[in-house]
Structure formats: C-alpha cells, structure tokens
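Structure, as structure tokens:
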Amino acid sequence: YESLIKKKPYTIEKSYITKSGSKKIGLTSVSPVFDSDGNFLYAIAHLQDITSQKLNEKRLKKSEEKYRTLIESSNDMIFVIKHGIILFANQRLIKTSGYSEKEIIGKPFINFVEKKEQEKIKMFYQKRLRNEPVPNNYESKAVTKDGKIVEVEIVVVFIEYEGQIAEHV
423 YESLIKKKPY TIEKSYITKS GSKKIGLTSV SPVFDSDGNF LYAIAHLQDI TSQKLNEKRL
483 KKSEEKYRTL IESSNDMIFV IKHGIILFAN QRLIKTSGYS EKEIIGKPFI NFVEKKEQEK
543 IKMFYQKRLR NEPVPNNYES KAVTKDGKIV EVEIVVVFIE YEGQIAEHV
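The following block contains the structure:
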C-alpha cells in the first residue's frame, strides 16, 4: 500500500509463519508499475527467505560481544594496527598510556614507542609485512602521555579485522 501512495518501490523485513508452522524472516520488495498517466497497473513483489542469514548475523553478534568482553577485560594492553595506524585500542592500553581513545585511534603506532626503540620496531614491522623472518614476541619500551617509559612485551599476530588482514598486538 505504501508503494502505491508514494509511487515508489519499497523493501520491508518481516517475520512470517509458514503453512507448516515454522517461523521465518522474509525480505519483501514491492515495485508498483504505473501507466503514462500515473494510473496503477500492477505491482511486482519478491519475497526472499533471509532466516538463515539473520540467524548467522545473530550468532556473529554474540561471538563479537564475547570477543569484545574478553579483550576489554584483559590486563594486557591490546591494539590493532593496519598500515602502521592504530585502528583499535582496548581500555587497558588507554588507561596505562594516559591518552584518550581519540588521541590513539587513527595515529601511527610508532608515535607511542620510545625514540631509541623506534628504528628496531619499524624494521620488525616492515619485515613482517614483507613476510621476512622476524620475532613475533619481543620486548620494547612505550611512552605514556606524561613521558613515562613503560617496559612492554610485544606479541604480534595477524587477524581479520573488519574484513581485512590487520595486526593484533
């Protein structure tokens, strides 16, 4: 009915019960067709069963919530980088560093490494990106917002983050 009034196609997601009594989720698209004078002729409707897709989305969301809870409650400082830029930092890293999330996210990770350690860390990072041998576990030093030097153990793994490969540190 809405598509007739607005004379535009529309799509709506709704639950429905099948003849056998099972609950399904459908995506219905309706496109009204009008003649040259604007009179309604007929509508083309399409119903797509998206039940399994919605169940998978629900499972994925629960899994992501568990992952986020684990990462955020960790005593370790955890961050994700891509192309040398920090995409994610957990609360422990934010608290320990003294920086706000806004001051960390989107910044080069090397900015938070002690000056004397930067060349070594850059070399490890570049080698890792070229798939050359480099340790995945090593010690380094980070700098907090107030200039304090913090000894850190770095453990690097590649992960899929928002659909792309990134480093989880």
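Numbering (this note's numbering), first residue to last: 423 to 591. The beta-carbon is built from N, C-alpha and C at its ideal position, and this holds for glycine as well.
Legend entry - residue 388 in three-state terms, based on DSSP: This structure leaves residue 388 out entirely; the chain is present only between 423 and 591.
Inset, instruction - Assuming residue 558 contacts residue 578 (C-beta within less than 8 angstroms), just tell me the rounded distance between them. - result: 5 angstroms
Inset, instruction - Could you check how far apart the C-beta atoms of residue 509 and residue 503 are, in whole angstroms? I think they sit under 8 angstroms. - result: 6 angstroms
Legend entry - Inter-residue spacing [alpha-carbon to alpha-carbon] between residue 505 and residue 488: 27 angstroms
Inset, instruction - Would you list the residues sitting across from residue 586 in a DSSP beta bridge? - result: 583
Legend entry - Identity of the residue in 457, 448 and 444 nearest residue 436 by Cα: 448
Legend entry - Cβ pair residue 458, residue 431 closer than 8 angstroms: no
Legend entry - residue 473 at chain D interface by Cβ criterion, 8 angstroms: The displayed structure is made up of one protein chain only, and chain D is not part of it.
Inset, instruction - Please state whether DSSP places residue 566 in a helix, a strand or coil. - result: coil
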